[in-house]
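Chemist: Below you'll find the structure I mean.
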Amino acid sequence: MIKKRLFSVAYMFGLTFFFTALVSGIYEVNEERIAINEQIKLQKVVLEVLGIVPEPGTTDMQVREIFEKRIKVEEREGRILYRGFAGDGKTLVGYAFPLYGPGFWGPIYGMMGVEPQLEKVIGVAFYRHSETPGLGGRITEGWFRNQFAGKRLHARGKEGRYFSFVPAGTARADSELDAITGATGTSRGVERLVNENMKDYLPWIAREKAEGKI
Amino acid sequence: MATMKSRTIFLTGLWKENPVFRQILGICSALAVTNLMVNTLIMSLSLIFVTSMANVTVSILRNVTPPRIRMMVQTLVIAAYVIIVDIFLKAYLPDISDALGPYVGLIITNCIIMGRCEAFARSNPVWPSFVDGVASGCGYAFVLLSVAFFREVLGFGTFFGMRVMPMGWTNWTIMVMAPGAFFMLGAFIWIIRSLGPKEEQKPGVAM
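Residue numbers (our numbering), protein chains in the order written: chain R, 1 to 214; chain Z, 1 to 207.
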């Protein structure tokens, strides 16, 4: 009896070890490729929120070239800022900064692009999340992201809030955006993380601009 | 168990005991990914790979695996192959990996795979198990691609991304949402089962 049990344990251990090693090995072989894909995805997102949209059919290599030519990355004081330039490489077209915070199921990664005068939003993207497909997952959809485009960057109220999410279809004021019906948790999380990241970055960008650093 | 001919095994998995419209398994992913044909195709190929490989592995181990822990072993094997598929997609088809999202990982929970391991692979030799895995996967693919065909053509007006509907076509948005999937799948099961052999009536059951 004991022998049988011991065999089961040893068998399971051995099998798990084998398959874990197999999967880890396959991952290691492909790790670099996956990292490059992630990097290109991020670059595409940065270009997108700054309104620099590559033509359909642009290869990944070309996206990298466009990014290297038109985006300058600044990493300072724990913050990362992407400065977007026009084709000539000199005229500033906007600033992009990351949005990050807890969603309903897991962290949400996004990016926001704002105009150089810091008056309006150019675009927003949410590129990694673990929200419910079809509900919270709809933050990646065009209609949700397009709500942000052209919005004024104006902190309101005591808490200095930039945007608030209201039930879908009832957004009236300039600072109101439609939440996702059936995704209250995700909508609340997005509201919180967008406002917090904007509060963190926008004054800092303004200061750096005033000091001529960027 | 008498060795079944490969042809019989294949046709059984594809039609007579089709996992989706006969056994009603794997419905969750059948509804979720079928709004676009290319996503459905990749999902189907992934499932064929995992089912056949898991079947082969379970079959190889069938005489060594202690019966009490066989389900843990099956789950481990299935999970390993699904993760391999996930890594492959992330590395070589990143856009499709993004589009399929969590549904690739959910292949692990797809009842079809564990169902075949339990019903066939653990008591059959390697080659028939492989054929059975491929057959069930193809049966799944057949149903999903059929549903996806209607959903993409009617809901987006495209076929594998190429425009097929005339410019004046108004997209049937419901086809790309969950309810559209339910209707299509239900209609498909209804039509197919009407075409197939009538099921035997149990004695004493009023119909």
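The beta carbon of each residue, even a glycine, is placed where N, CA and C say it ideally should be.
Which residues bound the alpha helix (DSSP H) around Z/Val180?
Modeler: Sequence inspection shows Gly at residue 180 of chain Z; the Val mentioned does not correspond to that position. 178-195 is the span of the alpha helix (DSSP H), which, as asked, contains Z/Gly180.
Chemist: How many angstroms separate the CA atom of R/Arg64 from the CA atom of R/Ile40?
Modeler: Their backbone Cα atoms lie some 7 Å apart in a straight line.
Chemist: Does the beta-carbon distance from R/Tyr100 to R/Leu81 come in below 8 Å?
Modeler: No.
Chemist: Answer with buried or exposed for R/Gly103, where buried requires no fewer than 16 other C-beta atoms within 10 angstroms of its C-beta.
Modeler: R/Gly103 comes out buried.
Chemist: Is the segment 110-127 of chain Z in contact with the segment 41-58 of chain R, if contact means three or more CB pairs nearer than 8 Å?
Modeler: Judged by Cβ distances under 8 Å, the segment 110-127 of chain Z makes no contact with the segment 41-58 of chain R, as fewer than three pairs qualify.
Chemist: Using beta carbons (cut-off 8 Å, strictly below), is R/Phe19 in contact with chain Z?
Modeler: Closer than 8 Å to some Cβ of chain Z, the Cβ of R/Phe19 qualifies, so yes.
Chemist: Decide if Z/Asp95 is buried, meaning its Cβ has at least 16 other Cβ atoms within 10 Å, or exposed.
Modeler: Answer is exposed; the Cβ neighbour count stays below 16.
Chemist: What residues in the segment 126-143 of chain R bring their beta carbon closer than 8 Å to a beta carbon of chain Z?
Modeler: Cβ contacts with chain Z: Ser130, Pro133, Gly134, Gly137.
Chemist: Under 9 Å Cβ-Cβ, which residues of chain Z neighbour R/Asn30?
Modeler: Result: Ile87, Phe88, Lys90, Ala91, Tyr92.
Chemist: Could you please tell me which residues of the segment 155-167 of chain Z, in chain order, have their CB closer than 7 Å to any CB of chain R?
Modeler: Those would be none; no residue qualifies.
Chemist: How is Z/Ala2 classed by DSSP in three states: helix, strand or coil?
Modeler: The predicted position of Z/Ala2 is uncertain, since its pLDDT is 47 and thus under 50; no value can be drawn from it.
Chemist: Rounded to the nearest angstrom, what separates R/Lys176 and R/Met12 at their Cα positions?
Modeler: The amino acid occupying residue 176 of chain R in the given sequence is Glu; Lys does not appear at that position. Between R/Glu176 and R/Met12, the C-alpha separation is close to 55 Å.
Chemist: Looking at chain Z, is there any beta carbon in it that lies within less than 8 Å of the beta carbon of R/Phe13?
Modeler: With 8 Å as the cut-off, R/Phe13 does not count as an interface residue toward chain Z.
Chemist: Apart from the five residues on each side of it in sequence, which residues of its chain come closer than 7 Å, Cβ to Cβ, to R/Ser187?
Modeler: The answer, listed in chain order, is Phe165, Ala179, Ile180.
Chemist: Which term fits R/Arg88, buried or exposed, when burial requires 16 or more other beta carbons within 10 angstroms of its beta carbon?
Modeler: Strictly speaking, residue 88 of chain R in this sequence is Asp, with Arg absent from that position. R/Asp88 should be labelled exposed.
Chemist: Decide yes or no for the touch test of the segment 126-138 of chain R against the segment 70-84 of chain R: beta carbon pairs closer than 8 Å, at least 3 of them.
Modeler: Because the criterion of three Cβ pairs below 8 Å is not met, the segment 126-138 of chain R and the segment 70-84 of chain R do not touch.
Chemist: Let me make sure I understand the geometry here. Which of R/Val29, R/Gly123, R/Leu42, R/Gly106 has the alpha-carbon closest to that of Z/Ile87?
Modeler: Residue R/Val29 is the option with its Cα nearest to Z/Ile87.
Chemist: Got a sec? Which residues, its chain only, sit under 8 Å from R/Lys120 by beta carbon, not counting five neighbours each side?
Modeler: For R/Lys120, where only same-chain residues beyond five positions count, the Cβ hits under 8 Å are Val114, Gly150, Lys151, Arg152, Leu153.
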